[in-house]
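Q: Protein chains in written order, with our numbering: chain A, 1 to 481; chain B, 1 to 200; chain C, 1 to 352. Yeah, the Cβ is synthetic: ideal placement off N, Cα and C, and Gly gets one too. Take a look at this one; I'll ask things after.
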Amino acid sequence: MASETTLTWATVAPAIAEIYLAIAVCVLLLVDVFYGEKRRGLTPTLTLAALALGALLTAQFGAVTERVTLFNGMFVADELGHFLKLAGFVFVGFALLYSRTYLEQREILKGEYYVLALTALLGIFVMVSAASLLTMYIGVELLALSVYAMVAFDRDSGIAAESAMKYFVLGSIASGALLYGMSIVYGVTGTLSLDELAGQLRGELSAGVILGLVFIVVAVAFKLGAVPFHMWLPDVYHGAPTSVTLFIGTAPKIAYFALALRLLAEGLQGAVAEWSQMLAALAVLTLVVGNVVAIVQSNLKRMLAYSTISNVGFIVLGFVAGTPEGYSAALYYTLVYVLMSLGTFGVILLASRKGFEADELDHYKGLHARDPMLAFVMMVLMFSTAGIPPFVGFWAKLRIIQELWATSHPWLILIAIVMSVVGAFYYLRVVKLMYFDPPGELPATERNTGARVALGLNAAAVVLLGLLPGPLLDLCARLLH
Amino acid sequence: MLVQILFYLFGAFLVASALGVIVARNPVHSALALVLCFVTSAAIWLLLEAEFLAVVLVLVYVGAVMVLFLFVVMMLDIDLAELRSGFTRYAWLGWITAGVVIVEIVGVVTARNLGVDVTRGTVPLPEDYSNTAELGNVLYTRFAYPFELAAMLLLVAIIAAIALTMRRRPGLKVQDVAKQVAVRREERVRIVKMDPEKRP
Amino acid sequence: MLDSISSLWFGLPDYARSTAWILLITVSIIICVALLTLWERKVIGWMQLRRGPNRVRIFGLLPGLGQPFADVIKLLMKEVVVPANANKFLFRIAPIIALVPAFATWAVIPLSPELVVADIDAGLLYVLALTSMGVYGIILAGWSANSKYAFLGAMRSAAQIVAYEIAMGFALVGVLMAAGSLNLGKIVLQQQGGPLAWNWFWLFPLFVVYFISGVAETNRAPFDVAEGESEIVAGFHVEYSGIAFAIFFLAEYANMILISALTSVMFLGGWLSPFEGYPIIGDTFLAKPSFFWLGLKIFVFLFLFLWFRATFPRYRYDQIMRLGWKALIPVTLVWIAVEGLMAHFRIGPWSS
Chain A
1 MASETTLTWA TVAPAIAEIY LAIAVCVLLL VDVFYGEKRR GLTPTLTLAA
51 LALGALLTAQ FGAVTERVTL FNGMFVADEL GHFLKLAGFV FVGFALLYSR
101 TYLEQREILK GEYYVLALTA LLGIFVMVSA ASLLTMYIGV ELLALSVYAM
151 VAFDRDSGIA AESAMKYFVL GSIASGALLY GMSIVYGVTG TLSLDELAGQ
201 LRGELSAGVI LGLVFIVVAV AFKLGAVPFH MWLPDVYHGA PTSVTLFIGT
251 APKIAYFALA LRLLAEGLQG AVAEWSQMLA ALAVLTLVVG NVVAIVQSNL
301 KRMLAYSTIS NVGFIVLGFV AGTPEGYSAA LYYTLVYVLM SLGTFGVILL
351 ASRKGFEADE LDHYKGLHAR DPMLAFVMMV LMFSTAGIPP FVGFWAKLRI
401 IQELWATSHP WLILIAIVMS VVGAFYYLRV VKLMYFDPPG ELPATERNTG
451 ARVALGLNAA AVVLLGLLPG PLLDLCARLL H
Chain B
1 MLVQILFYLF GAFLVASALG VIVARNPVHS ALALVLCFVT SAAIWLLLEA
51 EFLAVVLVLV YVGAVMVLFL FVVMMLDIDL AELRSGFTRY AWLGWITAGV
101 VIVEIVGVVT ARNLGVDVTR GTVPLPEDYS NTAELGNVLY TRFAYPFELA
151 AMLLLVAIIA AIALTMRRRP GLKVQDVAKQ VAVRREERVR IVKMDPEKRP
Chain C
1 MLDSISSLWF GLPDYARSTA WILLITVSII ICVALLTLWE RKVIGWMQLR
51 RGPNRVRIFG LLPGLGQPFA DVIKLLMKEV VVPANANKFL FRIAPIIALV
101 PAFATWAVIP LSPELVVADI DAGLLYVLAL TSMGVYGIIL AGWSANSKYA
151 FLGAMRSAAQ IVAYEIAMGF ALVGVLMAAG SLNLGKIVLQ QQGGPLAWNW
201 FWLFPLFVVY FISGVAETNR APFDVAEGES EIVAGFHVEY SGIAFAIFFL
251 AEYANMILIS ALTSVMFLGG WLSPFEGYPI IGDTFLAKPS FFWLGLKIFV
301 FLFLFLWFRA TFPRYRYDQI MRLGWKALIP VTLVWIAVEG LMAHFRIGPW
351 SS
């Protein structure tokens, strides 16, 4: 029988982000139904306000000093979750800020787009705070379903519909694998709670747990986009409207980090030897395929998709280490990567105009001559993603390699370094196109002040965090001590 | 004994209909086989004394989901020959996958039942036990959080479906019922008084 | 004599008694359907100032009483034509699929205080599940016949039934909120205490919605676009002849009786007597709950079905959809919220 818990403010306060967001979604939906048609800019503005308010409320009331579970052990609140939720608010806010003009020009600036973005964020929060297999699965689905719809949002675009279809079908298979793995683990252990799971799985593992684990690892790899489960990623990044690519490429990565952390590192920590082997194999493949295939791409969005894959390889390497320090390195890498890809896709959005998608590499020839600011921001981001000091991307890669060294994985370090060098080639090619090639006959870039200020802040963050990496590194280490 | 016979009977039907779903050439037959599949799994659940789940499975999947599914499948004009044309090209991949899965299943089944203690039987429940009431109790207390989230999930599905399919076409002649109801006689009927015959 | 019969009866094993009841109920429903068709033609005839069927007599009694039996014999003698290119298996099985749920649902309906064939806890859900399966008969009939008219009728009917099922289900949610149980027997018992304690009073909007949805579910006038003679000949059963057609006919009328019975059980106190607790009547037959009262209530609702058919013009298809989705479903949702308030303030069914 269920325990008698009365809901008081104190017992639900750590879940304020989720509760607030669910209410905000409903309110925005209703506001959009009644006023969305008459005042077109209303829902986007309100959404940004709602995100800001949510971040404030979460920062004010959602903080916890120690790990607590709520809702009969279905929900866990800890410092990590609190921080990731704040980050989620900020990243989604920036993503929506960048995309407004883009959406407007393609006539897909609809209230539903913003509502779906918020439900996706809710899914992210649920995953971040999941303390049971059940809530984790629902979070995964909540995020995935919202994102499928966003990919297909531009209904006049055939390529978007195609990529949404691919994403949906492959994503459903991955969800199925996740559910299958979870139900096997549940069947063998008889518990849904991740804490109890961690307590039960000790010593020799039964064949059933291993079987379930395989499916769970496959699903996590799919969601992250690790090779050989990466096939959806280039198609979706390429086919989706750029604003959606920006969205997919940023905030959900936090959720997938949480997915891997909560499921593998916390719930199945007893099986760390097994899954870290599986992840090591995946990471090697991911690094090699991601970096090598990215070289031959002529489409920038597709190239960035492969770049994402190669970066996922690094995040997975952090998990391969299998220590709290390794996870904190993966967390740091994830945050840094999200920050950088937020800026990169922001540049693509600002370089696009009505009827013109700046998604081919050739479209960036001589960008410096046409728009020095965009070119400079892009250069900073490309240097950082390539891992060139003093930008923040360098520290992220360094942290991962440090942790691999600490857990003595010399071969993985070697592969990581070689592949970083290979990767540097295609990042620097973008810089070369922008600064050393003559500008062609291309439309002018977008001048949206708000988005430009945000982009400037974004690039400044990349530079500043690179010059002063200490605070964020310490924070990541503290969150996963 | 009777329960076992019934179990194997329904089990056989279930497997056969599940096979039917994938081997049937006509998509409508596939959908119907799926319906049979749901009904037999509901029957198996009944044997497990999970009557609430069994009935809900029939109610939701057979009664609503599959009706709409059939509805769509019947409306589709699928050229079967074209659909099957490239099918055999990938057959080898399918066979390999099937082989791997079979080997895995055999491996798992022979590996001492996945480590689960299968000899432990279920405890028979008391006569007045109602799993409907019991499910209701845990659903709104212990599982309230995932239950609410599932509701959000359905809301997202509705929003997505409507956002992706509803398109306001210009020039559509839709009736506005409110306007129709609000119409008054004076606006539509003009009574003309005239003599039945022409005046001389 | 009576003693020996009753001792024989109670000496039977459980399954034999259940089987006997099942047979008895099924046969009675079939006979009721036959009489209902006659009653329908008579009533509509009177409403239209005609006489209705008045030729075929049984044993020289009551002009017209033999009409339904004559019709059945006629249909039995006719050939069942299977159209060319029809899907023969589905074409033949469709009428049976339409018929079975209409009969199987009776298993959980409490006919009198003592009599219910299967007293199961999730009875209400069982009813919903089975009534929702009846649509397969119609869809399959329309599709397998390989005829455009039949297919159009089937599609209309499928969309209509799925739409009204939701309103129906929500109306029943209200009932089970009042009863606190899914068991139909308990739902009846909860309504004890005279006509004003029956569910129709406190759940009046749900009662109306339920019965309207019931009429739509059975594809009866004014919701009979699935047959729509003027546009699509006879809809989903246009290709059926002989006894196959008769089975569809049987299913439709059996469903009418079923919906009437369900409405009586859910909203009008089932087998409860309306004169319960009146001192004048005392402890006579009238004050006691019995099958008589359920039968009377069913009869009233059946008469409403016929009355509707004689009175209302047929809805247009889009109007049906609008009524279902935009009127009935919101009404039920609002009333469920109102019920929540009633339960909170302990009004009506929740007062005790």
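How would you call A:C26, buried or exposed, if buried means at least 16 neighbouring beta carbons within 10 angstroms?
A: By the 10 Å Cβ count, A:C26 comes out exposed.
Q: Quick check on DSSP: helix, strand or coil for C:I58?
A: In this structure, C:I58 counts as strand in the three-state DSSP scheme.
Q: To the nearest angstrom, how far is the alpha carbon of B:E187 from that of B:A178?
A: Rounded to the nearest angstrom, the two C-alpha atoms are 15 Å apart.
Q: Can the beta-carbon of A:V462 be found closer than 9 Å to that of A:M373?
A: No, Cβ-Cβ distance for A:V462 and A:M373 is not below 9 Å.
Q: Given that A:T135 touches chain B, what residues does it touch there, using C-beta distances under 9 Å?
A: Under the 9 Å cutoff, chain B gives Y145, P146, L149.
Q: Can you check which of these residues, C:Y15, C:W271, C:E114, C:Q160, is closest to C:F299 by C-alpha distance?
A: Per the Cα distances, C:W271.
Q: Confirm, please, whether the CB-CB distance from C:N183 to C:Q191 is below 9 Å.
A: Taking 9 Å as the Cβ cut-off, C:Q191 and C:N183 do not qualify as a contacting pair.
Q: Count the CB pairs spanning the stretch 59-73 of chain A and the stretch 92-111 of chain A that are closer than 8 Å, and state whether there are at least three.
A: With a cut-off of 8 Å, the stretch 92-111 of chain A and the stretch 59-73 of chain A do not count as touching, because too few Cβ pairs lie within range.
Q: Verify whether the separation of the beta carbon atoms of A:G225 and A:I159 is less than 9 Å.
A: Contact flag unset, no.
Q: Along chain A, which residues have their Cβ under 8 Å away from the Cβ of B:I22?
A: Near B:I22 there are no residues of chain A at all, since even the closest Cβ is about 15 Å away, more than 8 Å.
Q: Given that a residue counts as buried once 16 or more other Cβ atoms are within 10 Å of its Cβ, and exposed if not, what is B:K198?
A: Counting Cβ neighbours within 10 Å, B:K198 comes out exposed, since fewer than 16 surround it.
Q: What is the rounded straight-line gap between the Cα of C:G123 and the Cα of B:V3?
A: When rounded, the distance between both Cα atoms is 22 Å.
Q: Entirely within the stretch 397-445 of chain A and at least 4 residues each: give me those alpha helix (DSSP H) ranges in chain order.
A: Runs of the alpha helix (DSSP H) inside the stretch 397-445 of chain A: 410-436.
Q: Just checking: is the beta-carbon of A:V293 within a distance shorter than 9 Å of some beta-carbon in chain B?
A: Output row for A:V293: interface = no.
Q: Which residue from C:E40, C:P195, C:W9, C:R57 puts its Cα closest to that of C:R50?
A: Checked all of C:E40, C:P195, C:W9, C:R57; the closest Cα to C:R50 is C:E40.
Q: So C:A107 and C:A141 are supposed to be a Cβ contact under 8 Å. How far apart are they, rounded?
A: About 25 Å; that fails the 8 Å criterion.
Q: Could you list which residues in chain B have their beta carbon closer than 7 Å to that of C:A122, in chain order?
A: In chain order: E51, F52, V55, T132.
Q: For a contact meaning CB atoms closer than 8 Å, what does A:R155 contact in chain B?
A: Correct list: L164, R167.
Q: Can you give me the Cβ contacts of C:R17 inside the same chain, cut-off strictly under 6 Å, excluding the 5 residues immediately before and after it?
A: Nothing meets the Cβ criterion.
Q: Is A:F356 buried or exposed, if buried means 16 or more other CB atoms sit within 10 Å of its CB?
A: So A:F356 ends up on the exposed side.
Q: Look at the alpha carbon of B:L68 and the alpha carbon of B:V60, and state the distance between them as a whole number of angstroms.
A: C-alpha separation (whole angstroms): 11 Å.
Q: Could you pull the start and end residues of the beta strand (DSSP E) that A:F75 belongs to?
A: Here the beta strand (DSSP E) through A:F75 covers 75-77.
Q: Look at the alpha carbon of A:I413 and the alpha carbon of B:A18, and state the distance between them as a whole number of angstroms.
A: Distance between the alpha carbons of A:I413 and B:A18 is about 48 Å.
Q: What does A:F222 touch in chain B if you count any residue whose Cβ is under 7 Å from its own?
A: What A:F222 touches in chain B: nothing, since even the nearest Cβ is about 16 Å away.
Q: I believe B:F71 touches C:A158 by the beta-carbon criterion, under 8 Å. Please report the beta-carbon distance rounded to the nearest angstrom.
A: With 8 Å as the limit, B:F71 and C:A158 qualify as a contact, their Cβ atoms being about 5 Å apart.
Q: So with Cβ pairs under 9 Å, would you call B:A64 a contact of chain C?
A: Output row for B:A64: interface = yes.
Q: Consult DSSP for A:E360 and reduce its assignment to one of helix, strand or coil.
A: In this structure, A:E360 counts as strand in the three-state DSSP scheme.
Q: Please check the pair A:L118 and A:T47, which I expect to be a contact at CB under 8 Å, by giving their CB distance rounded to whole angstroms.
A: Correct: roughly 7 Å between the Cβ atoms.
Q: Please name the residue in C:I259, C:L258, C:I109, C:H237 whose C-alpha comes closest to that of C:F249.
A: Residue C:H237 is the option with its Cα nearest to C:F249.
Q: Among the residues of its own chain, which have a CB less than 6 Å from the CB of A:A144, if the five just before and after it don't count?
A: The answer, listed in chain order, is G171.
Q: What's the C-alpha gap between A:L134 and C:W9?
A: The straight-line gap from Cα to Cα measures roughly 52 Å.
Q: Among A:R262, A:A24, A:A273, whose alpha-carbon lies nearest the alpha-carbon of A:Y114?
A: The candidate whose alpha carbon is nearest that of A:Y114 is A:A24.
Q: In chain order, which continuous runs of the alpha helix (DSSP H) of length 4 or greater are located wholly inside the stretch 242-324 of chain C?
A: Qualifying alpha helix (DSSP H) stretches, in chain order: 242-267, 291-311, 317-322.
Q: Taking all protein chains shown into account, do 16 or more other C-beta atoms lie within 10 angstroms of the C-beta of A:V338, making it buried, or fewer, making it exposed?
A: Its Cβ being crowded by 16 or more others within 10 Å, A:V338 is buried.
Q: Quick check: the Cα distance between A:K253 and B:V55, rounded to an integer number of angstroms?
A: Looking at the two C-alpha atoms, the distance is approximately 40 Å.
Q: Name, please, each residue of chain E whose Cβ falls closer than 9 Å to the Cβ of A:E104.
A: This model lacks chain E altogether; the protein chains it does include are A, B and C.
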